[in-house]
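Trainee: Going by my numbering, the residue at position 32 of the sequence shown is 341; the numbering climbs one at a time, nothing skipped.
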Amino acid sequence: MPTGTVKWFNETKGFGFIKPDDGGSDVFAHYSGIKSKGFRTLKENQRVEYQVQQGQKGLQAVEINILA
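#1: According to DSSP, F337 sits in a beta bridge with which residue or residues?
#2: Check G364 in the structure and name its three-state DSSP category.
#3: With distances taken Cα to Cα, identify the nearest neighbour of E358 among T321, F326, G367.
#4: Would you call the CB atoms of H339 and A370 closer than 9 Å?
#5: Rounded to whole angstroms, what is the Cα-Cα separation between E353 and D331?
Now the structure itself:
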C-alpha cells in the first residue's frame, strides 16, 4: 500500500493532495476517501497510507488511513 505525506487539505472544500513517498506525482485526496468515523479531514504534513484509483481528473487516493 503506498504511503505519503499530506501536502495540503482544504476542510471547507473537502479535498487536497498527498505527496507520495516514491516521488511520483501528487495524488488527489477527497474527504470521501478517508477511512475514519465522524468528520473526515486531513492535516498538512500528516503521514498516510492509501490506495490509488483513476478518478475523473486523474489519479485519486482512496482507502486513506492516517498513520500514527
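Glycine residues also receive a C-beta, built at the ideal position from the N, C-alpha and C atoms.
Mentor: The relevant details are as follows:
#1: Beta-bridge pairing by DSSP links F337 to F326, Q369.
#2: In this structure, G364 counts as strand in the three-state DSSP scheme.
#3: Of the candidates T321, F326, G367, the residue whose Cα lies closest to the Cα of E358 is F326.
#4: Against a cut-off of 9 Å, the Cβ pair of A370 and H339 comes out as a contact.
#5: The straight-line gap from Cα to Cα measures roughly 18 Å.
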